[in-house]
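Worksheet: the structure to be examined is printed underneath.
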Amino acid sequence: MGGFKKFMLRGNLVELAVAVVIGVAFGAVITALVMDLITPLIAAIGGKPNFATLYFTVNGSKFFYGAFINAILAFVIIAAVIYFLVVLPVGKLMARNEKEEAATERECPECLSQVPLAARRCMYCTAEITPMAGSAAETPSA
Numbered sequence: 323m324g325g326f327k328k329f330m331l332r333g334n335l336v337e338l339a340v341a342v343v344i345g346v347a348f349g350a351v352i353t354a355l356v357m358d359l360i361t362p363l364i365a366a367i368g369g370k371p372n373f374a375t376l377y378f379t380v381n382g383s384k385f386f387y388g389a390f391i392n393a394i395l396a397f398v399i400i401a402a403v404i405y406f407l408v409v410l411p412v413g414k415l416m417a418r419n420e421k422e423e424a425a426t427e428r429e430c431p432e433c434l435s436q437v438p439l440a441a442r443r444c445m446y447c448t449a450e451i452t453p454m455a456g457s458a459a460e461t462p463s464a
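So the working numbering is basically just the index in the sequence shown, starting at one, shifted up by 322.
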């Protein structure tokens with residue numbers, strides 16, 4: 323029983339559970355926004371009182387395409403919010419972090435392995451290479 327308790331209280335599991343609950347709540351809010359505000363506006367433009375109840379009939383079966391359009395609009399809005407408020411900022415942050423890290427290695431022109439910037443000889447193929455500008459190996463020692 324102690325192992326199960328330890329498993330349930332792990333950080334990742336709790337964070338995932340919180341994310342799912344918030345995601346479901348956010349989805350409900352967006353669905354309500356679409357059903358109660360956006361599609362009635364679209365329906366008013368089209369002259370229908372309730373867009374969600376639009377349907378067509380085939381052999382007595384009703385196909386509610388208005389409800390399907392509501393679901394598609396809710397999905398598109400949620401996807402846009404996730405992209406613009408989560409994916410795009412995280413991508414920019416990751417790109418900024420990669421730029422801030424100074425390069426400490428470069429490629430050997432002979433064997434294409436990574437060698438330190440100040441190296442004058444490749445440690446893998448022993449080819450002579452010129453040190454990069456501004457590296458410690460360029461300055462002559464007495």
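Even for Gly, the Cβ is constructed at its ideal location relative to N, Cα and C.
Please report the straight-line C-alpha distance between residue i and residue j, rounded to a whole angstrom.
i	j	result
Met465	Val403	Because the chain spans 323 through 464 in this model, residue 465 falls outside it and cannot be assessed.
Leu439	Arg418	22 Å
Leu410	Ile364	30 Å
Ala341	Tyr405	16 Å
Phe348	Val356	12 Å
Thr353	Phe390	12 Å
Ala339	Val346	11 Å
Gln436	Thr426	10 Å
Lys328	Val343	21 Å
Asn372	Asn381	23 Å
Leu407	Val398	14 Å
Check whether the Cβ atoms of residue i and residue j sit closer than 8 Å, and answer yes or no.
i	j	result
Tyr377	Gly388	yes
Glu432	Arg443	no
Ala350	Thr361	no
Met445	Arg428	no
When you compare the CB of residue i with every CB in chain D, is at least one pair closer than 8 Å?
i	result
Phe326	Absence of chain D from the displayed structure is noted, only one protein chain being present.
So what does residue i bridge to, in DSSP terms?
i	result
Pro438	Glu427
- Could I get the ranges of all uninterrupted alpha helix (DSSP H) runs contained in the stretch 327-415, with 4 residues as the minimum, in chain order? 333-355, 361-368 and 387-404
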